[in-house]
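There are 2 protein chains.
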Amino acid sequence: MLLHANPKSIEIQARFFRGFSDPSRLMILEFLHSGPRTVSEIVTATGLSQSNVSNHLGCLRDCGLVSAEQQGRFVHYALSDERVGQLLELADSLLADVAKGVYECTRYSVKETAND
Amino acid sequence: MLLHANPKSIEIQARFFRGFSDPSRLMILEFLHSGPRTVSEIVTATGLSQSNVSNHLGCLRDCGLVSAEQQGRFVHYALSDERVGQLLELADSLLADVAKGVYECTRYSVKETAND
DNA sequence: TCATCGTATCAGCATATGCTGATATTTTAT
DNA sequence: ATAAAATATCAGCATATGCTGATACGATGA
């Protein structure tokens, strides 16, 4: 690689962003942006299946985007760092201006959106 | 959806982040972070194939992350907004602290890393 | 006009990704 | 100890994603 001293960091960074790049995970992150929540609260709020949420939480946890704390039977999840929320907000801000374009961005993404 | 008023915005946001979530696109974005470049400069710098770069640029352009300007035979690409660079920097900053974890994040990601 | 350079597009393939459903695990109450 | 609740894990599947190679397009110079 001619670009970076360590191409590794690029892969890490890509994997990091992948945490934000799925609608389900993003829903979870946005939800946690409003405060710590248990798994079942997340399941209810998002409408996703329990196993699905649990898998995504595992992914987000491994990536360091969220932290978990067991309390009794429940596990409370929260954004692990203030900057995770900042990233969400910055993206929101940018998105407000480029949203129109993103609709068109189907090259490496969804082929069509049926219900709209 | 019980979470957001418009689930649509979540999908858009996820698609937006997908722009950052691939090593090749990230290389391109990081490269453009240092200033506007032509396609061939990007091809040389990244070592990616021309068609591959062009496809990714099309994706990034549709998503509003980069802008293009034709000058003669060349097309000059640049980050479309200051905040795109800010996002990269914020991610870098966060990554410095959670990088160890991201290595472990193979749940919805790479199964193994052969060459290391 | 013709040849060439720079860029874009597209089909086809291999792989990665996310979801479901079943099951395991952990914790607490009876 | 047993049952039930909350969460985690995993195999299997359908689809999305990124790459390659061939080709088309657009601009410039001979």
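Here the protein sequences come in this chain order: H and L. Quick note, the first sequence lines up with residues 634 to 749 if you use this note's numbering. Quick note, the second sequence lines up with residues 634 to 749 if you use this note's numbering. Heads up, the beta-carbon is just placed ideally off N, CA and C, and yes, glycines get one too.
query = Roughly how many whole angstroms lie between the Cα atoms of threonine 677 (chain H) and alanine 724 (chain H)?
reply = The sequence position of residue 677 (chain H) within the first sequence is 44, counting from 1. The sequence position of residue 724 (chain H) within the first sequence is 91, counting from 1. If you take the alpha carbons of threonine 677 (chain H) and alanine 724 (chain H), they lie about 25 Å apart.
task = Would you kindly work out how many angstroms separate the C-alpha atoms of valine 753 (chain L) and methionine 660 (chain L), rounded to a whole number?
result = Nothing can be reported for residue 753 (chain L): it is not among the residues displayed for chain L, which extend from 634 to 749.
key: Terminal residues of the beta strand (DSSP E) in which leucine 712 (chain H) lies   = Here residue 712 (chain H) refers to the residue found at position 79 of the first sequence. Going by DSSP, leucine 712 (chain H) is part of the beta strand (DSSP E) stretching over 707 to 712.
task = Classify serine 667 (chain L) as helix, strand or coil using the three-state DSSP reduction.
result = Against the second sequence, residue 667 (chain L) aligns to sequence position 34. The answer is coil: DSSP assigns serine 667 (chain L) none of H, G, I, E or B.
request  = Determine which residues of the segment 701 to 714 of chain H have a Cβ less than 9 Å from any Cβ of chain L, and write them out in chain order.
outcome  = Those would be Ser713 and Asp714, in chain order.
query = Considering serine 700 (chain L), what are the terminal residues of the beta strand (DSSP E) in which it resides?
reply = For the purposes of this step, residue 700 (chain L) is identified with residue 67 of the second sequence, where counting begins at 1. Counting along the chain, the beta strand (DSSP E) containing serine 700 (chain L) begins and ends at 699 to 704.
request  = Return no unless some Cβ of chain H is closer than 7 Å to the Cβ of glutamate 644 (chain L).
outcome  = Taking the second sequence and counting its residues from 1, the one referred to as residue 644 (chain L) is at position 11. Residue-level contact check: glutamate 644 (chain L) touches chain H, since one or more beta carbons of chain H fall below 7 Å from its beta carbon.
inquiry  = Quick check on the burial criterion: 16 or more other C-beta atoms within 10 angstroms. Buried or exposed for glutamate 653 (chain H)?
reply    = Translated into the one-based positions of the first sequence, residue 653 (chain H) becomes position 20. Correcting the residue type first, residue 653 (chain H) is phenylalanine in the shown sequence and not glutamate. With 16 or more other Cβ atoms inside 10 Å of its own Cβ, phenylalanine 653 (chain H) counts as buried.
inquiry  = Tell me which residue opens and which closes the alpha helix (DSSP H) that valine 691 (chain L) is part of.
reply    = Within the second sequence, the letter at position 58 stands for residue 691 (chain L). Here residue 691 (chain L) is glycine; the residue named in the question, valine, does not match the sequence. First-last of the alpha helix (DSSP H) with glycine 691 (chain L): 683 to 695.
request  = Would you mind giving the Cβ-Cβ distance between leucine 712 (chain L) and leucine 665 (chain L), rounded to the nearest angstrom? I have them listed as a contact below 8 Å.
outcome  = For the purposes of this step, residue 712 (chain L) is identified with residue 79 of the second sequence, where counting begins at 1. For the purposes of this step, residue 665 (chain L) is identified with residue 32 of the second sequence, where counting begins at 1. About 5 Å separates the two Cβ atoms, so the contact holds.
inquiry  = For asparagine 685 (chain L) and histidine 709 (chain L), what's the separation of their Cα atoms in angstroms?
reply    = Translated into the one-based positions of the second sequence, residue 685 (chain L) becomes position 52. Translated into the one-based positions of the second sequence, residue 709 (chain L) becomes position 76. The alpha-carbon atoms of asparagine 685 (chain L) and histidine 709 (chain L) are separated by roughly 17 Å.
ask   = What is the residue span of the alpha helix (DSSP H) that serine 654 (chain H) lies within?
value = Here residue 654 (chain H) corresponds to residue number 21 of the first sequence, with the count starting at 1. In the DSSP annotation of this structure, serine 654 (chain H) is not part of any alpha helix (DSSP H), being labelled neither H nor E.
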